[in-house]
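Numbering (the working numbering), first residue to last: 25 to 195.
Ideal Cβ positions, reconstructed from N, Cα and C, are used throughout, including at glycine.
Below is one structure, written out as structure tokens; the observations come after it.
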């Protein structure tokens, strides 16, 4: 068993309604890393995560499910069918250790994909939708890191706009 822990946090909104999300503590029990490192800056910028959550009727940890995790989670299918342009760098399989709640996911699979750009993100979303419909019987979604424009880039853009429009900028 590995030592990494994944935990979903509770959230509240002050002065408004309070939302409480059930939380769980998860341990990474299996993982698979790509043989090559993704040190190139383009790989580090355009990252998306395929997230799969699975509930279980049995609230105890099952070693047989852990042994066959690549098959029943769909990880092997993703590896063989997803376009190679996405450069999958890591598969992480987690199981819940606390609390004993059937409403929470018992198992979680996170797949880290690199080179997810605005030109190919729709293919990734279509692929995940096909998985959702045809194969995977759990919660399935995609999270993507979005780079926010830096303050200096925004100011630079405003200044160039100011030059174009004779010193006036519409903010």
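Contact check, residue i vs residue j, beta carbons under 9 Å
i	j	result
residue 74	residue 145	no
residue 21	residue 155	Summary: the structure shown does not reach residue 21, with the chain confined to residues 25 through 195, and so no result is reported for it.
residue 115	residue 56	yes
residue 85	residue 135	no
residue 129	residue 79	yes
residue 89	residue 131	yes
For residue i: DSSP bridge partner residues
i	result
residue 77	132, 163
residue 120	50
residue 115	56, 135
residue 71	138
residue 168	72
Residue i classed as buried or exposed, judged by whether at least 16 other C-beta atoms fall within 10 angstroms
i	result
residue 113	buried
residue 95	exposed
residue 81	exposed
residue 119	buried
residue 163	exposed
residue 91	exposed
residue 104	exposed
residue 97	buried
residue 31	Any reading at residue 31 needs caution, since the residue's pLDDT is 49, under 50, leaving its predicted position unreliable; the model's value is listed next. So residue 31 counts as exposed.
residue 157	exposed
residue 58	exposed
residue 70	buried
residue 36	Annotation note: pLDDT 39 at residue 36 (below 50); position unreliable, coordinate value reported separately. Exposed, because fewer than 16 other Cβ atoms sit within 10 Å of the Cβ of residue 36.
Interface flag, residue i vs chain D, CB-CB below 9 Å
i	result
residue 80	Among the chains of the structure shown, chain D does not appear; only one protein chain is present.
Option nearest residue i by Cα separation, candidates the options
i	options	result
residue 117	133, 140, 111, 123	133
residue 109	141, 93, 127	141
residue 47	149, 76, 127	127
residue 153	106, 143, 138	106
residue 138	72, 51, 54	72
residue 49	93, 149, 123, 76	123
residue 53	76, 77, 93	93
residue 161	150, 99, 149	99
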